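In my numbering, the protein residues as written are 10 to 577. Report on the structure given below.
Shown next as structure tokens:
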């Protein structure tokens, strides 16, 4: 059951899939609730029309969505017979979810006078005899005899039954719920079994699928977002920024995502006010669309309290979306906790041009800055550990640590093979290297005086601006001076702001120069064997965070200040 539900969830969220059919009855060794499965198909992709929501729409006369295929096929057959359904005495024999109940509702909304019969109905033959239109789907072979049928009636047989027949090679044949040979002598129109309702069901299924594709196409070519703007609660005198932020209730972020045309599978919710957007999925889906206009709000005269770039940007997007009905979003960098806890304060805008919730925007958000900090400090820790081990171990011991034998197998990792290529060593077997090649591979020979990578922390801590590390007795006197800087000034943050996708991100990370060796050759993150680990820490950070302004306009929050400024 879980496998099937997970598969349906993926199909529901896949924008390239327009219709989903669940073959019934379910073919499984395990008992599965059939009703649960049909209700797990998105109503927007339920081309069978069996989801309770779609069936409920039929029950109340809303025929704008997907109609159940077999019942709709029955209606089409009756319509093609030329017999009017308006006011016709109509009997539906059977009340199943798939046929009887929905066909009775469709007949009702086509103005027929409908009687539904079932296994407990009294005087069944007499009731059937009154029918101008008789629809049968009760699952009993040839139950309805010719004598049950009103002369000239239209008979729709939805039954499929297998009975023994010695004249057939297979020893059996398929019949309906109506005795066909008897009924055809009396009815004006009757559907054969097989070959009657079945092909029309397929036709209605195709009709629903085309309808779904048209709906998807209309959604793609729809030029204006269905954006619901939020009213501003204006006050005079203007309250503080935080008072204004608290006076406005943001809408659920999933609703905003839907309003601007994002699909559920393209966002990852962080609570109900923030969401990560899968850029690769969205760009792939919208690759055919023409690019929009790009407006840069810049400044060159910074003040201790900022210049108002964020406030201006947020105000512009609110004006364009909430007041001019244009499709627009504002892209802001994620604030650093350094300025947030300093004199400058937060960076969510100000007055009635703010991003909300303000506290979420200014503090932590979805943790991207922390991911950058963890990745940056991992590089620093790995580099210092490497310096220590190279200073305290012989070549062989160092090489054996880097290329251990695991379960009898010794091999280079992919990143180690890349280092071998850079060194000009054309070998893939760790046991085949010469002692000179082993030393060349194992030793980075980092010059401690030419390390260009320090550590980071996302608060203003002035006492970390210059520090001495390695003072523990376990470090055997390998001390050096280094420093901390604000996390958002990390080169990794600059790379994050520039990266186009995960592959580009990984390539840029691999080439980061962290130090120089004693011959002046750059040492990179790839030389430290760190690129894969950095990507694991940073894989979610490349996805922008969706938030909203006071008026419900979309905001994309990505990267951070400091390091991204040099690159625009």
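Where is the CB? At the ideal position from N, CA and C, for every residue including glycine. All values derive from a computational prediction rather than experimental measurement.
Taking all protein chains shown into account, do 16 or more other C-beta atoms lie within 10 angstroms of the C-beta of residue 65, making it buried, or fewer, making it exposed?
-> The residue you call residue 65 lines up with position 56 of the chain shown. Classification of residue 65: exposed, given that the 10 Å Cβ count is below 16.
Hey, residue 426 and residue 437: beta-carbon distance below 8 Å or not?
-> Counting from one through the chain shown, the residue named residue 426 turns up at place 417. Counting from one through the chain shown, the residue named residue 437 turns up at place 428. Going by C-beta atoms, residue 426 is nearer than 8 Å to residue 437.
What residue ranges within the region 221-259 form continuous alpha helix (DSSP H) runs of no fewer than 4 residues, ordered along the chain?
-> Fully enclosed alpha helix (DSSP H) runs of 4 or longer: 250-255.
What are the boundary residues of the alpha helix (DSSP H) that includes residue 430?
-> Taking the chain shown and counting its residues from 1, one reaches residue 430 at position 421. First-last of the alpha helix (DSSP H) with residue 430: 423-432.
Can you list, in chain order, the residues of its chain whose CB lies under 6 Å from that of residue 279, leaving out five sequence neighbours each side?
-> The residue labelled residue 279 in the question sits at position 270 within the chain shown. Spatial neighbours of residue 279 in its own chain (CB-CB distance under 6 Å, excluding positions within 5 residues in sequence) are listed in chain order as 375.
Mind checking whether residue 214 and residue 387 have CB atoms under 8 Å apart?
-> Within the chain shown, numbered from 1, the residue matching residue 214 stands at position 205. Within the chain shown, numbered from 1, the residue matching residue 387 stands at position 378. No, the pair does not count as a contact, with Cβ atoms beyond the cut-off.
Taking residue 149 as part of the alpha helix (DSSP H), name the residues at either end of that continuous run.
-> To locate residue 149, count along the chain shown from 1; it is residue 140. Neither: residue 149 is in no alpha helix (DSSP H) and is coded neither H nor E.
Nearest-angstrom Cβ-Cβ length linking residue 147 and residue 168, presumed shorter than 8 Å = For the purposes of this step, residue 147 is taken as residue 138 along the chain shown, with counting starting at 1. For the purposes of this step, residue 168 is taken as residue 159 along the chain shown, with counting starting at 1. Indeed, because the Cβ distance is near 7 Å, the residues count as touching under 8 Å.
Entirely within the region 88-171 and at least 4 residues each: give me those alpha helix (DSSP H) ranges in chain order.
-> Entirely contained in the region 88-171, the alpha helix (DSSP H) runs reaching 4 residues are, in chain order, 109-118, 133-138.
Could you tell me the distance, in whole angstroms, from the CA atom of residue 519 to the CA atom of residue 550?
-> Start at 1 with the first residue of the chain shown, and residue 519 comes out as number 510. Start at 1 with the first residue of the chain shown, and residue 550 comes out as number 541. Looking at the two C-alpha atoms, the distance is approximately 17 Å.
Nearest-angstrom beta carbon gap, residue 351 and residue 469 [assumed within contact, 8 Å] = Within the chain shown, numbered from 1, the residue matching residue 469 stands at position 460. Within the chain shown, numbered from 1, the residue matching residue 351 stands at position 342. The Cβ separation is near 6 Å, so the contact holds.
Sorted by chain position, which residues of the same chain lie with C-beta nearer than 8 Å to residue 571's C-beta, five sequence neighbours on each side aside?
-> Your numbering for residue 571 matches position 562 in the chain shown. Hits under 8 Å: 345, 495, 497, 498, 502.
Determine contact between the region 357-367 and the region 315-334, defined as no fewer than three beta-carbon pairs at a distance below 8 Å.
-> Between the region 357-367 and the region 315-334, the count of C-beta pairs closer than 8 Å reaches three or more; the two stretches touch.
Which residue spans inside the region 514-554 form an unbroken alpha helix (DSSP H) run of at least 4?
-> Within the region 514-554, the complete alpha helix (DSSP H) runs of at least 4 residues are 540-547.
Contact between the region 117-124 and the region 159-175 (3+ Cβ pairs under 8 Å) = Not touching, per the Cβ criterion.
Please list, in chain order, all residues of the same chain as residue 11 whose beta carbon is under 7 Å from its beta carbon, the five residues on each side excluded.
-> As a first step, residue 11 is located in the chain shown; it is residue number 2 there, counting from the start. Taking C-beta separations shorter than 7 Å and ignoring five residues to either side along the sequence, residue 11 has no partners in its chain.
Check residue 217 in the structure and name its three-state DSSP category.
-> In the chain shown, the residue the question calls residue 217 occupies position 208. Three-state result, residue 217: helix.
From residue 261 to residue 144, what does the alpha carbon distance come to, in whole angstroms?
-> By one-based count along the chain shown, residue 261 stands at place 252. By one-based count along the chain shown, residue 144 stands at place 135. In this structure, the straight-line span from the alpha carbon of residue 261 to that of residue 144 is close to 47 Å.
When the Cβ atoms of the region 444-458 are set against those of the region 388-400, are three or more pairs found closer than 8 Å?
-> In short, these stretches touch, since the Cβ pair count reaches three.
How long is the line joining the alpha carbons of residue 381 and residue 370, rounded to whole angstroms?
-> Translated into the one-based positions of the chain shown, residue 381 becomes position 372. Translated into the one-based positions of the chain shown, residue 370 becomes position 361. When rounded, the distance between both Cα atoms is 17 Å.
Candidates 524, 273, 529, 500: closest to residue 517 by CA position = The sequence position of residue 517 within the chain shown is 508, counting from 1. If we check each option's Cα against that of residue 517, 500 comes out closest.
Please check if any C-beta of chain C sits within less than 8 Å of the C-beta of residue 60.
-> Among the chains of the structure shown, chain C does not appear; only one protein chain is present.
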